[in-house]
Amino acid sequence: MFLNPERISMPDIDSDFCYERRQEVIDYVVEKYGSERVAQIVTFGTMAAKAAIRDVGRALNYSYAEVDKIAKMIPTELYMTIDKALSANKELKEEYEINERVRTLIDISKSLEGLPRHSSTHAAGVVISKEDLTDHVPVAKNDNTIVTQFPMGTLEELGLLKMDFLGLRTLTVLRDAVDLIKKSKGIDIDLDNIDYEDKSVYEMISQGQTEGIFQLESRGMTSFMKELKPDSLEDVIAGISLYRPGPMDEIPTYIKNKNNPDKVEYLDEKLKPILEVTYGATK
């Protein structure tokens, strides 16, 4: 692994494990590096616009109907704030201007909006230190789990290493499938030694039979695979890489040139051996 010296923050280091065995991995890391140097990470849930209205209304002893009416006037959109809601909803703004009780409710809610409401344990993050963690951060016990009292961003600022140990249900399904094949057919499947050149697999993907395939089973990705018609693992990898907000505009170019590789043009023919596998998506 290498680090780009121009990076501002530490990179994300993600590792996927069988969902049902994730805790075994954490236990192993604790045993290897010491319980004083390994902890899971706290995360804070903040008070969003609607939640702030409801919590404050309850504290002010307003009726449920009165608070619910105001809360429902706040649009259900990502990153919505009370100020944005006042600008977007004329009815809410009118209530704010003419009704003193509503104005009190909203003003107090605005002062609390965005503040931490509760804490929990980060779903995947684990911090590992070469020294005792208590030399750098406070820790606490949360449901028999040792967690840092500083969230992920603060840990990164302190230079501590954060790993994401992700419990992936797909890996659990694969394990169960291998076990069932062994029990029912007496066949041993080694997932580390499978045939990546099996054309029947790529034909299934090209036909849209992607249900249960990690990162390929969404409706959009399934449609893309039917257009792409991958015939190698490299094509699947490229497709997954392209189906993201940044490079998505290059998808039509990639599909067209994959079907007509002789028509791909390069800035310099010397680049062809390096870039031809991208079918012109990278120039």
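Counting from 299, one number per residue, gives the positions in the sequence shown under the numbering used here.
Even glycine gets a Cβ: it sits at the ideal position worked out from N, Cα and C.
*Pull up the DSSP beta-bridge partners for H416, would you.*
G343
*Just checking my contact of M345 with R415 at CB under 8 Å: how many whole Å lie between their CB atoms?*
5 Å
*Keeping to the same chain, check which residues put their C-beta closer than 8 Å to that of L384; ignore five residues upstream and five downstream.*
L390, K391, Y394 and I404
*Could you tell me whether the Cβ of E574 comes closer than 8 Å to any Cβ of chain C?*
Looking for chain C here will not work: only one protein chain is present.
_DSSP beta-bridge partners of C461_ = Here residue 461 turns out to be Met, not Cys, going by the sequence shown. Paired residue(s): I311 and V424.
_Supposed contact pair A369 and K382 - C-beta distance, whole angstroms, cut 8 Å_ = Not confirmed; about 15 Å, so no contact.
*Short Cβ contact (8 Å threshold) for D533 with L540*: no
*What does a CB cutoff of less than 7 Å around A337 pick up in its chain, not counting 5 residues either side in sequence?*
V425, L431, V437, I444, V445 and T446
*Status (buried if at least 16 other CB within 10 Å, exposed otherwise) for F522*: buried
*Check the DSSP bridge columns for A337 and list the partner residues they point to.*
V425
*If you check the beta carbons only, do G510 and T551 fall under 8 Å apart?*
no
_Can you tell me whether T452 is helix, strand or coil according to DSSP?_
helix
*Is it the case that the Cβ atoms of G423 and I339 are separated by a distance below 8 Å?*
yes
*In terms of residue numbering, what span does the beta strand (DSSP E) encompassing I444 cover?*
T443 to T446
_Considering only the alpha carbon of each residue, which of T468, A421, S498 and M502 lies closest to D462?_
A421
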